[in-house]
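Taken in order, these protein sequences are the chains called A and B.
The first sequence maps to residues 233 to 427 in the working numbering.
The second sequence maps to residues 233 to 427 in the working numbering.
2 protein chains.
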Amino acid sequence: MTRAPQKRRLETRARLLAVAEEIVAEGGYGALRAEDVVSRAGVAKGTLFSHFRDMDGLLAVLIGGRVMTLLDEMEQTAPPQSPAQICAVLAPQLEFVGRERVIFDILLRYSGVTAAQAEEVIAEGFLRQVSILEDWLRPMQAAGSIRTDQPALLLAEGIQGFLNHVLAIWFCQEHDTGDSPRAALQPYIDAWLVT
Amino acid sequence: MTRAPQKRRLETRARLLAVAEEIVAEGGYGALRAEDVVSRAGVAKGTLFSHFRDMDGLLAVLIGGRVMTLLDEMEQTAPPQSPAQICAVLAPQLEFVGRERVIFDILLRYSGVTAAQAEEVIAEGFLRQVSILEDWLRPMQAAGSIRTDQPALLLAEGIQGFLNHVLAIWFCQEHDTGDSPRAALQPYIDAWLVT
DNA sequence: GTTTGTTATTGACCGTGGTCAATTTATTTT
DNA sequence: AAAATAAATTGACCACGGTCAATAACAAAC
Numbered sequence: 233m234t235r236a237p238q239k240r241r242l243e244t245r246a247r248l249l250a251v252a253e254e255i256v257a258e259g260g261y262g263a264l265r266a267e268d269v270v271s272r273a274g275v276a277k278g279t280l281f282s283h284f285r286d287m288d289g290l291l292a293v294l295i296g297g298r299v300m301t302l303l304d305e306m307e308q309t310a311p312p313q314s315p316a317q318i319c320a321v322l323a324p325q326l327e328f329v330g331r332e333r334v335i336f337d338i339l340l341r342y343s344g345v346t347a348a349q350a351e352e353v354i355a356e357g358f359l360r361q362v363s364i365l366e367d368w369l370r371p372m373q374a375a376g377s378i379r380t381d382q383p384a385l386l387l388a389e390g391i392q393g394f395l396n397h398v399l400a401i402w403f404c405q406e407h408d409t410g411d412s413p414r415a416a417l418q419p420y421i422d423a424w425l426v427t
Numbered sequence: 233m234t235r236a237p238q239k240r241r242l243e244t245r246a247r248l249l250a251v252a253e254e255i256v257a258e259g260g261y262g263a264l265r266a267e268d269v270v271s272r273a274g275v276a277k278g279t280l281f282s283h284f285r286d287m288d289g290l291l292a293v294l295i296g297g298r299v300m301t302l303l304d305e306m307e308q309t310a311p312p313q314s315p316a317q318i319c320a321v322l323a324p325q326l327e328f329v330g331r332e333r334v335i336f337d338i339l340l341r342y343s344g345v346t347a348a349q350a351e352e353v354i355a356e357g358f359l360r361q362v363s364i365l366e367d368w369l370r371p372m373q374a375a376g377s378i379r380t381d382q383p384a385l386l387l388a389e390g391i392q393g394f395l396n397h398v399l400a401i402w403f404c405q406e407h408d409t410g411d412s413p414r415a416a417l418q419p420y421i422d423a424w425l426v427t
């Protein structure tokens with residue numbers, strides 16, 4: 233039987249997260265150093281790693297939070313009615329993840345971690361994204377604007393796959409090319425949802 | 233004007249690679265330590281990093297070699313005639329990459345590095361895979377066994393995307409479930425290539 | 001063979017992530 | 001309130017990847 237954490241611990245954790253966000257705001261996720269976090273937060277190094285398994289764990293929490301916000305916003309937009317609109321709605325996420333390679337890495341790594349372990353916001357986020365997509369696709373199927381020969385779930389998961397695919401490519405070509413990941417996404421979605 | 237490397241350098245490089253392969257054979261890619269490599273190879277640490285940018289660079293060469301072998305084998309099999317056969321032919325690759333997360337990570341990271349920089353076997357491998365797939369899909373399109381409304385190139389690239397997708401999922405669920413990544417791949421390929 | 005210039009290797013050194021026995025702080029028991 | 005138990009924090013310590021000025025090995029020029 234594990235006890236509830238004491239107030240002090242929650243405060244420490246909050247301070248660590250706040251400081252981390254601050255550092256990220258200044259220099260991006262790639263600039264996050266353990267030493268910096270603990271010194272700014274006024275705690276010892278060990279404390280950080282008693283709150284988060286490792287730096288990736290901390291990153292996962294930070295990034296997971298952002299993802300959740302993005303999903304909230306996504307959920308509140310009007311449901312898209314066509315493949316093109318789906319791409320449009322997904323654009324903010326692509327933009328966010330496309331910003332830094334670390335984000336992409338962390339997302340991929342934590343995307344399916346059994347959410348049994350606390351703080352795995354990311355896994356939850358992925359599931360949520362699929363179910364949001366699914367909820368959009370089903371009406372479109374009913375309206376006959378996309379294919380109906382496959383379950384909406386599979387189509388939704390496939391879209392997620394394509395998202396990762398274009399992002400992977402995006403990070404490889406050192407984005408000197410003017411085209412955005414979103415532009416790359418379009419043809420896949422079109423072909424995938426085709427009537 | 234850069235000169236050709238001297239014999240000694242080539243020998244050192246060969247020794248480093250040989251030793252690295254040896255260590256990998258013993259404990260997997262995850263067990264590869266710089267210290268071990270250099271001590272077994274009888275060189276100083278700096279030498280290793282004068283031959284390879286970093287550990288990932290070394291891994292990329294090792295893994296790239298394997299991938300190339302797999303592609304060679306894939307190229308020599310009889311061209312598949314159906315989506316199911318495509319999955320079957322891709323199985324060895326899934327099996328290899330699915331073995332260790334590091335493999336997947338490295339592949340993803342180096343998959344599109346401008347092959348201008350030498351030793352980027354992996355980027356080459358990805359392009360090769362797409363073109364092999366493309367060469368298989370075109371006859372299938374001609375035979376009418378798969379969809380013809382999309383260019384073979386896009387279909388090939390999509391397949392690559394699904395490969396990565398199922399692998400990503402595979403690594404998340406800590407593969408305690410009995411199902412292989414290959415089984416997960418099938419429905420996507422079927423839906424993607426559907427007539 | 002000696003000098004000069006280039007390539008290859010060296011290894012002490014540093015930055016950073018992560019650990020863990022010891023210590024301090026809080027909570028419960030008597 | 002004092003003693004006993006548990007939670008939270010500490011910081012010296014280690015492992016490992018990676019750097020770079022110094023040095024050795026080699027090749028070319030004389």
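The beta carbon of each residue, even a glycine, is placed where N, CA and C say it ideally should be.
Quick caveat: nothing in here was measured; it's all calculated off a predicted structure.
Just verifying my parser: in three-state terms, what is the DSSP assignment at residue i?
i, result
"T380 of chain B", "coil"
"P312 of chain A", "coil"
"T244 of chain B", "helix"
"R440 of chain A", "No answer is possible for residue 440 of chain A: it lies beyond the span of chain A, which begins at 233 and ends at 427."
"E307 of chain B", "helix"
"S363 of chain A", "helix"
"V398 of chain B", "helix"
"D411 of chain A", "coil"
"V426 of chain B", "coil"
"Q405 of chain A", "coil"
"E327 of chain B", "helix"
"E198 of chain B", "Residue numbering for chain B in the displayed model covers 233 to 427; residue 198 of chain B lies beyond these limits and cannot be assessed."
"E332 of chain B", "coil"
Using CA atoms only, rank isn't needed, just tell me which of the options is closest to residue i.
i, options, result
"W424 of chain A", "A:Q405, A:C404, A:F394", "A:F394"
"I421 of chain B", "B:Q392, B:E253, B:F403, B:S412", "B:Q392"
"F328 of chain B", "B:Q382, B:W402, B:A246, B:V362", "B:W402"
"L386 of chain B", "B:R370, B:A375, B:V398", "B:R370"
"V334 of chain B", "B:V426, B:L290, B:R247, B:R235", "B:L290"
"R379 of chain A", "B:G296, B:A323, B:V426", "B:V426"
"V398 of chain A", "A:A415, A:A388, A:Q382", "A:A415"
"E332 of chain B", "B:E352, B:G278, B:A257", "B:A257"
For residue i, is the classification buried or exposed, using 16 other Cβ atoms within 10 angstroms of its Cβ as the cut-off for buried?
i, result
"Q325 of chain B", "buried"
"S282 of chain A", "exposed"
"A384 of chain A", "buried"
"G357 of chain B", "buried"
"G390 of chain B", "buried"
"P237 of chain B", "exposed"
"Q308 of chain B", "exposed"
"R235 of chain A", "exposed"
"L359 of chain A", "exposed"
"R240 of chain A", "exposed"
"T301 of chain B", "exposed"
"S271 of chain B", "exposed"
Heavy atom of the ligand SAH less than 7 Å from the Cβ of residue i, yes or no?
i, result
"R331 of chain B", "This structure lacks the ligand SAH, and indeed carries no ligand of any kind."
- Would you mind listing the alpha helix (DSSP H) stretches within the stretch 247-302 of chain A that are 4+ residues and don't spill past its ends, in chain order? Considered as a whole, the stretch 247-302 of chain A harbours 266-273, 277-283 as its complete alpha helix (DSSP H) runs of no fewer than 4 residues, in chain order.
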